[in-house]
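According to our numbering, the stretch in the first sequence is residues 3 to 816, in order. Glycine included, each C-beta is placed from N, C-alpha and C at the ideal position. Because the structure is a prediction, the values reported are computed rather than measured. One structure is given below, encoded as structure tokens.
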Amino acid sequence: MGKIPQEPDISDAYDPSFVETKWQERWLVSGTNHTDLAGATKPFYALMMFPYPSAEGLHVGNLFAFTGNDIFARFQRLQGYDVFEPLGYDAFGIHSENYALKIGEHPGELIPSNIRNFRRQLERAGLMVDWRHTLSTTDPEYYKWTQWVFLQLLKQGLAYKKSAAVNWCPNDKTVLANEQVIAGACERCGAMVEQRQLEQWFFKISDYAPRLLSNLDTLDWTDSTRTAQRNWIGKSTGAEVEFKIDLDVDMSVKVFTTRPDTIFGATYLVLAPEHLLVDVVTTREEFDSVRDYRAMTAKQDLTSRKTSKEKTGVFTGSYATNPATGQPIPIWIADYVLMEYGTGAIMGVPGHDERDFEFATRYELPIVRVVAAEGHDASTPLDTAFVDNEDAVLVNSGAFDALSVEEGKRRITAMLETNQQGRGVNIYRIHDWCISRQRYWGPPIPIIYCDACGTVPVPEEDLPVLLPYVKEFKPDDSGISPLARHEEWYRVPCPKCGASARRETDVSDTFLDSAWYFLRYPSVGVDDQPFEPGMTKKWLPVTSYIGGNEHAVLHLLYSRFITMVLCDGGHLDFEEPFTKFRAHGMIVREGAKMSKSRGNVVTPDTYMEEWGADTFRTYLMFLGPFEEGGDFRDKGISGVRRFIERLWSSVKSCRSDGEPDADVMRKLHQTIRKVGEDIPRLSYNTAIAAMMEYMNVLRRGERVPHRAEVEPVVQLISPFAPHVAEELWEQLGRAESVFDSGWPGFDASLAAENTIELAVQVNGKLRGTLQVSPDITQAAALELALSEPGVSKFVTGTPRKVVFVPKRLLNIVV
RNA sequence: GCUCGGGUGGCGAAACCGGUAGACGCGAGGGACUUAAAAUCCCUUUCCCGCGAGGGAGUCCCAGUUCGAGUCUGGGCCCGAGCACCA
């Protein structure tokens, strides 16, 4: 084996920083990355989740995601689409504000410099972003329309204000959304969350629960993302049942149950301690104990209430009538019943619910069996809740005895409906979206409070309500926004009557900023409407969306909700924003999560400096499946760099005379097919492996590669390593950008193998292989196989059976 | 507890519809070139037995279906993520 006869001239050596600088400038000058939004005929909107521009700069995880999207986008462009790949910044929010407080600067000054740094890094990475359409959520030109979105919800009756028990973080001194509370602690700082009562703005996302749920079936999303959303929306099917209170008043307790079939076993009722009817049903004798119990539970924060293992409660002194049995059952209050779910009241069926069993045992309430395994003795006492509904039937349930659980649910619900004692309902776990934040760094909620006119929306023509520059923006624990300390800002005349009024001083949740940004990108620069109808019709919904799994529930759900609302309001003609969504994986380093404290954070700048952006990008995509992430190992990068250098020298030294090698060309066309199949599946790691494999074939033996053998590879690699690809494309004498050259043609006849390896098995065990024509017959293959001693020695007598899979294997069963 | 992922060489990983397990890359070992080193190039590299030809075992564990199972079915163990007193 000799060497490939090429002593690279030193001037031909691959210098990434030269190549990358050259092409980034060239792209800028010729507008290569610009999309003709108005003139596009085959629009392809390749969106990635926009980053929060942190002071630390671009994280390798950001770059992993953006590169993955960029490859897909560039590939679609090579397929002939007009690809739009915008990128902006999600720069409002607690994160920026806390960081600014920590280092004693103002976010209004910090963010622009962070954005400049991000922009520099993103350009360095060679993304095909059309920077004419960038945006930042902190720009008044942007948040003017975030405020407009709020006003649309208000107009459509979907925004309302209420006093609510909210999660209060004593450390960040702000209200948190339910989703920002992880196991009772603040998601950001880890402090234990307390309960507080505050006036808050809410969006009625719960009204949209059925649609948010049913539309999921129409989306090209992975099952895991859709399941996460389904679980979050949390649909339960059951019945609402009214239990008449045995008092002089004509009132009843409404409960929700998923098990109406067990109503004959309901031996008591439980109200949540804060339930309004508690005042009605508490008797004089029980007044003190009920009052004390309510006071005790009110003090508890949500956390200790949800994690306390012992169930406690007190009797109210009153009874209600079980509508099925006609028997009086006691009404209790207990903290295991939550006011915010269902009706805030339950029927206790200790025989068939583990929690009720525990409670009834503790307080010696009657336990009745109403479901039993078929043929089982219905009078056997229960020593645990019986919840196995497979092949079980109702017992002790009057006319409903012997029905299956499912049939019992239907028939008993129908009976309750007939008697006007209840009805079948679906209820949802999802809560309305609290968007108020008692913070500084966000868009002010566009509302004015007037003594005479009440709550008055800021007229649309007065938007934006500018966030004032205030030096003192640190929140305190008064629960009011920092803006409320700035009278010169919040004192305004009422837009209706002109009298002295005051502004809402809360700002809105960052999730609102990001719930509509994808609508804005095509219309960046349009100043009289949030999204221009023509552009919107052409470019939306988003063709392909890529982002992190951590947003699989909230951001995606809020975006879907806002899109539906805007659709219902007549502003959009589609109700689902993201036709296709894929979540990328996470990058770890040497098997461990990257973190500052571990000191194992990969700084993209240093790696791009050392290896070049092309190598870094390609390595990130090579280290594991894009949707799963991978393990970043410094040692691994060199292999990718070697691969790029081999391609570089092969192209530099290629010949145009003579004919290409048929075997090499066969492998080339197989590679074109493989890469073209892998990229749309986001199987980038295997696409790169296929190209490496091809390079190994190309460079085998002492031969100078032919131009036809290398030129298409430049196109194949271009989505991954765009700068090198452009440089080599130019070297090959091409005038246009490689990204306007189209995807290399695939010729199936050139890719076809003329001999294949056929595996020969005896009883399923591999005993040899045959080099044969792909269309060999079973008989010919069998004869050939039996002539091999390595095979025939295992075959005694006539085979009982022969299995032949064309182009794959021959299995002889003896 | 429930839901969703995942478990394959020394390591990152491939195997797309049930058909030759370990492609590709890293690391390691050996060699060529070199005064030497780096770089580059070539060979070997799942484990066990064997000088070799070859044989045996092997994809977390235990069963099953099948001519054939990493892949399908049932049961179990472990890791990761999300939800969780949701009636």
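Same chain, Cβ closer than 7 Å to proline 461, five either side skipped, listed in chain order
Pro497
For threonine 420 and alanine 404, the rounded distance between their alpha carbons
When the Cα atoms are used, alanine 404 and threonine 420 turn out to be separated by approximately 21 Å.
Coil, strand or helix - leucine 469 by DSSP:
Secondary structure at leucine 469: coil, using DSSP grouped into helix, strand and coil.
Between glycine 63 and methionine 588, is the Cβ-Cβ spacing less than 8 Å?
Yes, Cβ-Cβ distance for glycine 63 and methionine 588 is below 8 Å.
How many Å lie between leucine 160 and tryptophan 147 at the Cα?
Taking C-alpha positions only, leucine 160 is separated from tryptophan 147 by approximately 17 Å.
Three or more C-beta pairs closer than 8 Å, one from the segment 121-137 and one from the segment 28-46: is that the case here?
yes
Unbroken beta strand (DSSP E) run spanning glycine 315, endpoints:
It spans 315-323 - the beta strand (DSSP E) in which glycine 315 sits, taken as one unbroken run.
Below 8 Å on the Cβ atoms is my contact criterion, and I expect alanine 322 with isoleucine 335 to pass it. Report the Cβ-Cβ distance as a whole number of Å.
Actually they are not in contact, since the Cβ atoms of alanine 322 and isoleucine 335 sit about 13 Å apart, beyond 8 Å.
For valine 372, is the classification buried or exposed, using 16 other Cβ atoms within 10 angstroms of its Cβ as the cut-off for buried?
buried
Buried or exposed, going by whether 16 or more other CB atoms sit within 10 Å of the CB of tyrosine 471?
exposed
Alpha carbon to alpha carbon, how far is histidine 488 from alanine 73? Give it in angstroms, no decimals.
According to the sequence shown, residue 73 is isoleucine rather than alanine. Roughly 48 Å separates the two Cα atoms.
Grouping DSSP H, G and I as helix and E and B as strand, with all else coil, what is arginine 439?
strand
List the DSSP bridge partners of proline 701.
Here residue 701 is arginine; the residue named in the question, proline, does not match the sequence. Looking at the DSSP assignment, arginine 701 forms no beta bridge with any residue, so it has no partner.
Which of helix, strand or coil does DSSP assign to phenylalanine 580?
strand
With DSSP as the reference, label glutamine 763 as helix, strand or coil.
strand
Specify the secondary structure class of asparagine 116 as computed by DSSP and reduced to three states.
helix
Could you give the DSSP three-state label for alanine 93: helix, strand or coil?
coil
Beta-bridge partners of isoleucine 758, as assigned by DSSP:
As a beta-bridge residue in DSSP terms, isoleucine 758 pairs with Val774.
Using DSSP with H/G/I as helix, E/B as strand and the rest coil, what is histidine 671?
helix
Can you say whether proline 579 is buried or exposed, counting buried as having 16 or more other CB atoms within 10 angstroms of its CB?
buried
If you reduce the DSSP assignment to three classes, tell me which class glutamate 287 lands in.
Glutamate 287 sits in coil when the DSSP states are folded into three classes, being neither helix nor strand.
Between the CA atoms of glutamate 288 and glutamate 366 - distance to the nearest angstrom
Cα-Cα distance, rounded: 18 Å.
Proximity to glutamate 474 [Cα-Cα], best of Gly110, Val85 and Glu22
Gly110
Grab me the residues of threonine 34's own chain with a C-beta within less than 6 Å of its C-beta, minus the 5 sequence neighbours each way, in chain order.
Ser739
Please tell me whether leucine 811 and glutamine 773 are closer than 8 Å, where the distance is taken between their beta carbons.
no
Cβ neighbours of serine 254 in the same chain (closer than 8 Å, five flanking residues each side left out):
Glu244, Phe245, Lys246, Ile247 and Ala322
Phenylalanine 806 lies in the beta strand (DSSP E); which residues open and close that run?
803-807
Out of Phe86, Leu670 and Ile96, point me to the one whose CA is closest to serine 751's CA.
Leu670
C-alpha gap between phenylalanine 576 and valine 544, whole angstroms
11 Å
Closest to arginine 675 by C-alpha separation, out of Glu661, Phe634, Val797 and Gln717, would be which residue?
Gln717
Through-space distance from glycine 641 to methionine 3, alpha-carbon basis
Low local confidence applies: a pLDDT of 30 at methionine 3 is under 50, so the model's placement there is unreliable, and no value is given.
Do the segment 506-515 and the segment 135-149 meet, that is, are 3 or more Cβ pairs less than 8 Å apart?
The segment 506-515 vs the segment 135-149: in contact.
Option nearest tyrosine 343 by Cα separation, candidates Asn428, Phe317 and Val395
Asn428
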